[in-house]
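A.B. asks: Got a structure for you, written out below as structure tokens; questions coming shortly.
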Amino acid sequence: MSLHQQLELLVAKTELSVSPKQIDQLVGYVELLNKWNKAYNLTSVRNPSDMLIKHIMDSIVVSPHLEGQRFIDVGTGPGLPGVPLAIMNPDCEFFLLDSLGKRIRFIKQVLHELKIENVTPVLSRVEEFQPEQKFDAVLSRAFASMTDMVNWCRHLTKEDSGVFVALKGQVSQEEVAQLPDWCNVISVKPLIVPELDGERHLVILQDQD
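For the sequence shown, the positions run 867 to 1075 when this note's numbering is used.
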């Protein structure tokens, strides 16, 4: 079965609406990731079919929960969840930040080959990046701890309205208890990712100060 057919079957198990062009771009991204991964070691997932589940579906199920127009994906790695979310939301603006040059070079190649025009790649450490405009949401699935995420990214969110959106497996009460006093958990939403083993949750946090 082709990657296109596999992705269409996975999407059909969700409420998501994905156009043929978006399917093409998402599959194109997986094909590029698989090709570059052999030389640049961008992901531990080696099989393109697994990439569809663990990278594409795991990212795009977040799409209905995004609010706003301007997003930054911190510690994006090879562009996850940022590239799939940008494909799903062509009218929104996404900044993809990583401190490793090979990852940003890969993302630039993806944008060029797949003609994605709503992404700005940023080579920087998160604490050093000073955007001209703040963001509606900071996204991450890379940070081990939500405390690190909110502390390092506090300067990136819009005052009053900006949120932090963390993609997590299980969410422990211990991790929530360790959050700084200024940070409040708005919601914890279970995510259903077809054919993915293990729990996935979306945690939305906000600066209360």
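Every residue gets a Cβ at the ideal spot worked out from N, C-alpha and C, and that includes glycine.
Under 8 Å, with one C-beta from each stretch per pair, do the segment 896–909 and the segment 1031–1044 reach the 3-pair mark?
C.D. replies: The way I'd put it, the segment 896–909 doesn't touch the segment 1031–1044; fewer than three beta-carbon pairs between them come closer than 8 Å.
A.B. asks: By Cβ distance below 7 Å, which residues in the same chain neighbour L1022 in space, the five residues on each side in sequence not counted?
C.D. replies: Here the question's residue 1022 lines up with position 156 in the sequence shown. Within its own chain, the residues whose Cβ lies closer than 7 Å to the Cβ of L1022, once the five positions on either side in sequence are excluded, are I938, P997, K1000, F1001, V1004, listed in chain order.
A.B. asks: For L1054 and R912, what's the separation of their Cα atoms in angstroms?
C.D. replies: One-based indexing of the sequence shown puts residue 1054 at position 188. One-based indexing of the sequence shown puts residue 912 at position 46. The sequence given here places Val at residue 1054; Leu does not occur at that position. Each residue's alpha carbon lies about 30 Å from the other.
A.B. asks: According to DSSP, what are the bridge partners of R912?
C.D. replies: Numbered from its first residue, the sequence shown carries residue 912 at position 46. Partner(s): none; R912 has no beta bridge.
A.B. asks: Check T986 in the structure and name its three-state DSSP category.
C.D. replies: As a working note, residue 986 is residue 120 in the sequence shown. Of the three classes helix, strand and coil, the one that applies to T986 here is strand, per DSSP.
A.B. asks: Comparing alpha-carbon positions, which option in D964, M954, H978 lies nearest V940?
C.D. replies: Here residue 940 refers to the residue found at position 74 of the sequence shown. Per the Cα distances, D964.
A.B. asks: Using three-state DSSP, classify L898 as helix, strand or coil.
C.D. replies: Taking the sequence shown and counting its residues from 1, the one referred to as residue 898 is at position 32. L898 falls in the helix class under three-state DSSP.
A.B. asks: Following the continuous alpha helix (DSSP H) through D1014, name the residue where it begins and the one where it ends.
C.D. replies: What you label residue 1014 is simply residue 148 of the sequence shown in a count that begins at 1. Here the alpha helix (DSSP H) through D1014 covers 1012–1019.
A.B. asks: Pull up the DSSP beta-bridge partners for K1055, would you.
C.D. replies: In the sequence shown, residue 1055 corresponds to position 189, counting from 1. According to DSSP, which records beta bridges pairwise, K1055 is partnered with L1068.
A.B. asks: Taking DSSP as the reference, what is the three-state secondary structure of N903?
C.D. replies: The residue given as residue 903 occupies position 37 in the sequence shown. In the three-state reduction of the DSSP assignment, N903 falls in the helix class.
A.B. asks: Please specify which runs of the alpha helix (DSSP H), each continuous and at least 4 residues long, are wholly inside the segment 952–1002, giving them in chain order.
C.D. replies: 967–980
A.B. asks: What does the alpha-carbon distance come out to for the pair G967 and P886?
C.D. replies: Locating residue 967 in the sequence shown gives position 101, counting from the first residue. Locating residue 886 in the sequence shown gives position 20, counting from the first residue. The straight-line gap from Cα to Cα measures roughly 32 Å.
A.B. asks: Within the same chain, show all residues whose beta-carbon is closer than 6 Å to that of Q888, passing over the 5 residues directly before and after it, in chain order.
C.D. replies: Translated into positions along the sequence shown, residue 888 becomes position 22. Only I953 meet the Cβ criterion.
A.B. asks: Please report the straight-line C-alpha distance between E1100 and D890, rounded to a whole angstrom.
C.D. replies: Nothing about residue 1100 can be reported from this structure: the residues present for the chain run from 867 to 1075 only.
A.B. asks: L962 and V992 - do their beta-carbons sit closer together than 9 Å?
C.D. replies: Position 126 of the sequence shown, counted from the start, is the residue given in the question as residue 992. Position 96 of the sequence shown, counted from the start, is the residue given in the question as residue 962. No. Outside cutoff.
A.B. asks: Measure the alpha-carbon distance for S925 versus E1065 and round it to whole angstroms.
C.D. replies: On the sequence shown, residue 925 is found 59 positions in, with the first residue counted as 1. On the sequence shown, residue 1065 is found 199 positions in, with the first residue counted as 1. Answer to the nearest angstrom: the Cα atoms are 14 Å apart.
A.B. asks: Could you tell me which residues DSSP puts in a beta bridge with R1007?
C.D. replies: Position 141 of the sequence shown holds residue 1007. The partner list for R1007 (beta bridge, DSSP) is empty, contrary to what the question assumes.
A.B. asks: With distance defined between alpha-carbon atoms, name the residue in E959, S915, P950 nearest to Q935.
C.D. replies: As a position in the sequence shown, residue 935 is number 69, starting the count at 1. Among E959, S915, P950, the Cα nearest to that of Q935 belongs to E959.
A.B. asks: Taking Q872 and L918 to be in contact with their CB atoms under 8 Å, please state how far apart those CB atoms are, rounded to whole angstroms.
C.D. replies: As a position in the sequence shown, residue 872 is number 6, starting the count at 1. As a position in the sequence shown, residue 918 is number 52, starting the count at 1. Indeed they touch by this definition, with Cβ atoms about 6 Å apart.
A.B. asks: Go ahead and label M1015 buried or exposed: buried means 16 or more other beta carbons lie within 10 angstroms of its beta carbon, across all protein chains shown.
C.D. replies: In the sequence shown, the residue the question calls residue 1015 occupies position 149. M1015 should be labelled buried.
A.B. asks: Ignore the nearest five residues each way along the sequence and tell me which others in L908's own chain have a CB closer than 8 Å to its CB.
C.D. replies: Residue 908 sits at position 42 when you count from the first residue of the sequence shown. Result list for L908: L899, W902, G943, P944, K968, R969, F972, in chain order.
A.B. asks: What is the residue span of the alpha helix (DSSP H) that L869 lies within?
C.D. replies: Reading the sequence shown from its first residue, position 3 is the one you call residue 869. Counting along the chain, the alpha helix (DSSP H) containing L869 begins and ends at 869–878.
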